[in-house]
Every structure is written in C-alpha cells, then in structure tokens.
Ligand code: SF4
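Chains as they are written, first to last, in this note's numbering: chain V, 1 to 224; chain R, 1 to 478.
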C-alpha cells in the first residue's frame, strides 16, 4: 500500500468514513464553491479616504514610512528624495510593471534605473503593489516579471508604489479581485502580504528592525 | 538536530531550570512582553472573541472532512506543477527530503523555521548524509550552532542572553576579526545577517514549514517577521515544504480568519510582517522563484488522534499563547519538557506523538488554572485533555500505587470544579487555623512523605483558584 493510501485510510478509519459518502463530498464542494467569509472586522469599512488613513496608521505602527503623491509622474522625484534621505547611491531596481515603466524617470538625471530581479547586489528596489488592506496596513504583491519577488526581500531598502483606489477594507476583498483576475482556484505563484520592514525579537525579546529582509520599507501612495 | 528525548526526566529538568538564574530572568519577561501584547491586540479588535469561535469551527469542519480536503489540496498542487509526497512516519519524511536533495545534487540546504523539521529531527539526518542544513531564522540559527532544541515554539532562544549568544558567535564565526564589537543585540543581528546572506545565495534547496495549506488553491503559506522564510524559498532551485496533515484549511477566506487570530495570539502583532502564499514552482514567464516545488505531508500519529479524545488538539495553530500564559512553563521554561513541543500544548501533544510511556507524565506539570484554554485562539480544552492523559496513565498503571489512589480522589473532585473549590478552600482554612501559631507544620496526617524532609508551609488562607480569580478580576478592571 502506498504511503498516501495508508495516511488517507487511517484518517478515514478514525473518522468512520469511506470517502465516498455523497453528503460529505457535497459539503466540501459547497464550501469550496461558496467560500463563506466568516467574521470581518468592522474597522476596514469606510470611505476611500478612511481606508487610506487607516492603512497609513497601521503600516506606520509597524515602522514603514508613507508618502502620498498626487500622480505617478511624481514617482521618480519621490524615489530620488528617499534615496538621498537615506544617503544611498542614486540607483534603483524595478520589474517590468508598466505603471513603473511609464513614470518619467528621465526627469531625474542622476538616478540610474535598472530592470529585472535582484541578485543580492542592489541596495534599493521598487515594486508596484497589487493592492493593499486597510485593516492591518498590509501591502499585497504578486509574483511575475512585472514585480519579481526577489525585489521585495534581497535589497536593504524597499519602496512600494500603491494606488489609493486599490486599498481594500479587508483581505477578503483582495481574494475576490485575485479570483476574478486569475480564475477560480488559481493563484499566482507567490502572493506576498507585507506589513512593514523585516524585524526580529529573538535576542532577549528586544525588537529590532531589519532582520534578513529590507531594513526600511517606504510606501508611495498615488492618490489622484 | 536530533536531541535525545528527555521528557521522562521532567522532574529533574524542572529542578535544574528552577536553579537557573538567567533562565528565570528571561521567563520573567514573558508576562510584560508577549502576554501584555496579546492582551492589547485582543482588546483592539472587538471581533476577536468571535474570530476565535470562527477559527475553532473552521478547524473542526476541516478535521471532520480531512481526507477530502487533503485530496482536493493535492489535486490543486499537481495542477500547478508541484509535487505532494505523503509520509507516514518521521523516518519517511526524512527519507523523502534526502531523496529530493540528492536528485538536486544539493550540498547546502537553507531552512526556514519549521516545528515539523524539529519533530522529525531533520538536520542531524541531513548532516549524516553529507548535506549541510543551515537554519535561517535568527533564533533557530543560534539553537543550531549550540546544538540545542528550541525552548519555545515562537521564541526559540528565549532561554539565552546576549552574552551567551556573543560567545557562540565568536566560537563559530572564526573567519571574522576577533576585536569586533558584538555585545548588543543589534550587532549580533547584523553579524548573523551577513553570515546568513552568503548561505541564502549559495543554497541548492530551501526548506520551509507551513502555517497553513489551502485546499481551494493548492497553496502553502508561511508567516514570518524576519523575511528569512522568503529568501529560503525564493532563491534556491528547489523549494520543499514540510507540513503535517492537519495544516489544511478549505479556502482563502478560511485561512484569513485563522491569520486574524494567529499573530495576535503569538506575538500580539496585528499581523506578522510577512505572510507568503506559495502555489507551485515558478511559472514560465517568471524571472525568479524555485524551479521545483515539493510538499511533504506528515502523519506521524495524527490520523490516529482524529479518532479519540485528542482530536481537538489537532486544531492547534502553534501560536505559543498557551505556554506564554502557563505558570508551569513560566517557572521551568521549555527545555524541561524534554522534547520539541513545550508548555500545555506540548504536554497534550507529546504523549500522542512519542508515546505515553515516555511522556505520559507531562500532563501532571499543570496547575489546572485554565489560563491556557482561556487564551487558546482555537479554544482547545487543554486542561481537560491533560486530565484525559492523567486518567490514561492511571489506567495503564504507570503511576505508583499511592499516586493512583490519591489521584482517584483528586480526579473525582477535579471533574466537579465547584466541589473541588469548596473542599480545597475548606482544607486551606482548616490547615491555616491549625498552624496559625507557628506558620509551619512539622508533621501532618497523610503527608509524612513531605514533612519528613521539610516543613509544610502554612497556607496563606487562599487557594490558588481563588487567588487566581481575584487576580484576574483585578486585571480586568481598567
Ligand atoms: S494549543 Fe492553542 S494556545 Fe497553545 S499553541 Fe496551540 S493554538 Fe496556540
């Protein structure tokens, strides 16, 4: 007997089930199809402006910084200003995301912009979020050539661009969008929820910012 | 690492722990740290208690249909080009990992934090087979270079201070300048970051655990604060996920309910910094990510637990709240429990996994104060289950006869809390009035075993239960 049959057989013996009961099968299919939402915290409800305000408060509590921009035209100057404020070289890495590609980088003559995933040599990178969740101040990023996952973890400083219109109240609203885009039961290879720069409290329960992932996280919210 | 099981020597371990001043200092910080933070996080979310009910119900529903959800999960992983392997025992899991590593010609393997990895003692096995496993979670890394077991499931090096860690780093990182300054936690972290960065980039295989598996989409997910899990699973060409069968939940909505209680219960954060959902290997258009994705599902006694009194334990999401709130854990720490899972959850789980003969007495390490059940995000009736174990141990005649007869009386009362409180209170008052003059007894009826060697302190007029109640009442007042 295969290990699979042994484990499933043992589970069924314990449950007193055969695995072929129509009722049980229907219950499972029904839950997967309906994916009921459960309890959703009220705090995420509210207007677009309230969601933005809550998102900002929550992610700042986790040591991220936030700038609000009027248009994506302001991205290059905001990036340059951020790098300068951290005394970093004027270099940034990005993926192929069109919303980033179309920003007027030529306005920042001293800023060198390269494209592609990170191999660990970049100090700073920029990604575009798929959306965000106000409830806990959480950015949602999806993998792909547009925003390679390595950009979120290898560089020391991470900048994330977020469209204010894509800040949802709760996680469930993001899942609805993902289902709509990718199809039922299908996920992008990686979905990253990011709620601040990396941290640890392993040594003497002292909270330290900047563990293995980025030491700083800066969010540029485009609020038109 | 494989560590000899020291659970049978709980008493000796506990005795040692009580003498350990450094450990006592570290344990003392839990109450103002994790405990206070959890309380504040819970208070900040009005829906928290209802979310706990929801989390419990989701787990119960899933466990009742576990076979079907696992089949659905496996189907989705396959559709996305991933592989699911089934492991009946710890040995099976180790062998499957080794086979995958060998096929990938792996020499260095990075590891994210995985309690399953500890449970099956993977590192030791890989080392014996000439593969170098590198723990990348800061706490787990320190544990690994010390060749110890974690003393807490969330804070593995809770028992250590920075001086001890400095000593370890100096001993192991011999290629770094001797005169360097690594006294402070921040400096120790910076050094670990540099050392481990090289390993991340050099690793051939990355192994992570899984906090949950999602049947709807064939997704595994990890929750971390350091970002080490993400580097572990994104950079090497092969990603292996170590999971146990009870980690599965039906849908993305269900896992979102679970996540709302996990971080708040574990560290008191609103949400952990990184929650990462992984589905299959890199897609053809991707420019990074692992080329292979394997999930190994471990049973190791869990399917049998589904049948009996311990099914509820399979709801556990490993948040650590029960140990943070446990007066016994708070007194003796995690190593006293002698295996990988400490505290109340360990006292219930360990006998199921390694046998009642080795760990059946762990459930005695409890004051039955009920604090663990009060905070458990999935409402596991931990005290009741510890009682089940005590009864089983009793039935199996593993306890000496005197303990047995005493226990019978005790369990009669323990099953009837009001009576227990009443009689315990009565006993206390009686003793208190008898010993009032001296403050100590040198002899008591039926307690010769105790008073032969030491004086029995006169009770201070209150039982633990009534004191606890008062204290909690006081805590609840603003
Ligand atoms: S038993 Fe409950 S409180 Fe303890 S680790 Fe498991 S889920 Fe957390």
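Every residue, glycine too, gets a C-beta built ideally from N, C-alpha and C.
Suppose only complete runs of 4+ residues qualify. What are the alpha helix (DSSP H) ranges in the region 149 to 205 of chain R, listed by chain order? Qualifying alpha helix (DSSP H) stretches, in chain order: 162 to 172 and 185 to 202.
Among the residues of its own chain, which have a CB less than 7 Å from the CB of residue 189 (chain R), if the five just before and after it don't count? Excluding residues within five positions, the ones whose Cβ falls inside 7 Å are 138.
Return the first residue and the last residue of the alpha helix (DSSP H) that residue 229 (chain R) is part of. Run containing residue 229 (chain R): 228 to 234, per the alpha helix (DSSP H) assignment.
Starting from residue 92 (chain V), trace the beta strand (DSSP E) in both directions and tell me its first and last residue. That run of the beta strand (DSSP E) goes 91 to 94.
Would you please verify whether the beta carbon of residue 204 (chain R) is less than 8 Å from any beta carbon of chain V? It does not; no Cβ of chain V falls within 8 Å.
Contact check, residue 360 (chain R) vs residue 389 (chain R) under 8 Å by CB: the rounded distance? Beta-carbon to beta-carbon, residue 360 (chain R) and residue 389 (chain R) are separated by about 6 Å, close enough to satisfy the 8 Å threshold.
Would you please verify whether the beta carbon of residue 144 (chain V) is less than 8 Å from any beta carbon of chain R? At least one C-beta of chain R is nearer than 8 Å to the C-beta of residue 144 (chain V).
To the nearest whole angstrom, what separates the beta carbons of residue 348 (chain R) and residue 313 (chain R), a pair I think is in contact under 8 Å? Distance from residue 348 (chain R) to residue 313 (chain R) at the Cβ level is roughly 5 Å; contact confirmed, criterion being Cβ atoms closer than 8 Å.
Determine whether the beta carbon atoms of residue 344 (chain R) and residue 316 (chain R) lie at a separation below 8 Å. The answer is no: Cβ separation not under 8 Å.
Which runs of the beta strand (DSSP E), 3 residues or longer, sit entirely within the region 90 to 125 of chain V? DSSP runs (the beta strand (DSSP E)) wholly in the region 90 to 125 of chain V: 91 to 94 and 112 to 115.
Look at the Cβ atom of residue 179 (chain R), then the Cβ atom of residue 237 (chain R), and state whether they are nearer than 8 Å. Inclusion of residue 179 (chain R) and residue 237 (chain R) in the CB contact set at 8 Å is not warranted, their separation being larger than that value.
Taking 7 Å as the cut-off, is the beta-carbon of residue 380 (chain R) closer than that to any non-hydrogen atom of the ligand SF4? Taking 7 Å as the cut-off, the C-beta of residue 380 (chain R) counts as close to a heavy atom of the ligand SF4.
Less than 7 Å between C-beta atoms, sequence neighbours within five positions excluded: which residues of the same chain meet that for residue 37 (chain R)? Correct list, in chain order: 267 and 268.
Buried or exposed: which applies to residue 335 (chain R), given that a residue is buried once 16 or more other Cβ atoms fall within 10 Å of its Cβ? So residue 335 (chain R) counts as buried.
Status (buried if at least 16 other CB within 10 Å, exposed otherwise) for residue 230 (chain V): There is simply no residue 230 (chain V) to check, as chain V begins at 1 and stops at 224 in what is shown.
By Cβ distance below 7 Å, which residues in the same chain neighbour residue 146 (chain R) in space, the five residues on each side in sequence not counted? 168.
When DSSP builds the beta bridges, which residues end up paired with residue 175 (chain V)? In DSSP, residue 175 (chain V) forms no bridge with anything.
Could you work out which residues of chain R lie near residue 153 (chain V), taking near to mean beta carbons separated by less than 7 Å? Simply 227, 230, 231 and 234.
Under the three-state reduction of DSSP, which class applies to residue 135 (chain R): helix, strand or coil? Shown here, residue 135 (chain R) sits in a strand according to DSSP, grouped into three states.
The beta strand (DSSP E) with residue 14 (chain V) in it runs from where to where? Run containing residue 14 (chain V): none in the beta strand (DSSP E); it sits in the alpha helix (DSSP H), 3 to 15.
For residue 3 (chain V), go through chain R and note every residue whose CB falls closer than 7 Å to its CB, in chain order. Result: 86, 87, 88 and 92.
Check whether the Cβ atoms of residue 54 (chain R) and residue 350 (chain R) sit closer than 8 Å, and answer yes or no. Going by C-beta atoms, residue 54 (chain R) is not nearer than 8 Å to residue 350 (chain R).
Please classify residue 439 (chain R) as buried or exposed, where buried requires at least 16 neighbouring CB atoms within 10 angstroms. Reliability fails at residue 439 (chain R), whose pLDDT of 39 lies under 50, so the model's placement of it is uncertain and no value is given.
Going by DSSP, name the residue or residues bridged to residue 357 (chain R). Checking the DSSP bridge columns, you'll see residue 357 (chain R) has no partner listed.
Take every Cβ of the region 187 to 202 of chain R, pair it with every Cβ of the region 245 to 260 of chain R, and state whether three or more of those distances are shorter than 8 Å. Flag = no, the region 187 to 202 of chain R and the region 245 to 260 of chain R do not touch.
Count the other CB atoms, across all protein chains shown, that sit within 10 Å of the CB of residue 192 (chain V); report buried if there are 16 or more and exposed otherwise. By the Cβ neighbour-count rule, residue 192 (chain V) is buried, with 16 or more other Cβ atoms within 10 Å of its own.
Cross-strand partners of residue 131 (chain V) (DSSP beta bridge): When DSSP reads this structure, residue 131 (chain V) sits in a beta bridge with V:140.
Give the interface partners of residue 27 (chain V) over in chain R, defined as CB-CB distance under 7 Å, in chain order. Correct list: 65.
Judging by CA-CA distance, which residue of R:213, R:48 and R:309 is the nearest neighbour of residue 277 (chain R)? Nearest C-alpha to residue 277 (chain R) among R:213, R:48 and R:309: R:213.
Contact list for residue 118 (chain R) against chain V, beta-carbon separation under 8 Å: Result: empty, since nearest Cβ-Cβ is about 16 Å, beyond 8 Å.
By alpha-carbon positions, which one of R:231, R:151 and R:216 ends up nearest to residue 75 (chain R)? It is R:216 whose Cα lies nearest to the Cα of residue 75 (chain R).
What does a CB cutoff of less than 6 Å around residue 126 (chain R) pick up in its chain, not counting 5 residues either side in sequence? Result list for residue 126 (chain R): 133, in chain order.
Any C-beta of chain V sitting closer than 8 Å to the C-beta of residue 286 (chain R)? It does; some Cβ of chain V falls within 8 Å.
Other residues of its chain near residue 19 (chain R): CB distance less than 8 Å, five sequence neighbours each side excluded: Closer than 8 Å at the Cβ level, and outside the excluded window around residue 19 (chain R), lies no residue.
So, with DSSP's three-state summary, where would you put residue 341 (chain R)? In this structure, residue 341 (chain R) counts as coil in the three-state DSSP scheme.
Relative to chain V, which residues along the region 5 to 32 of chain R have a C-beta separation below 7 Å, given in chain order? Those would be 29, in chain order.
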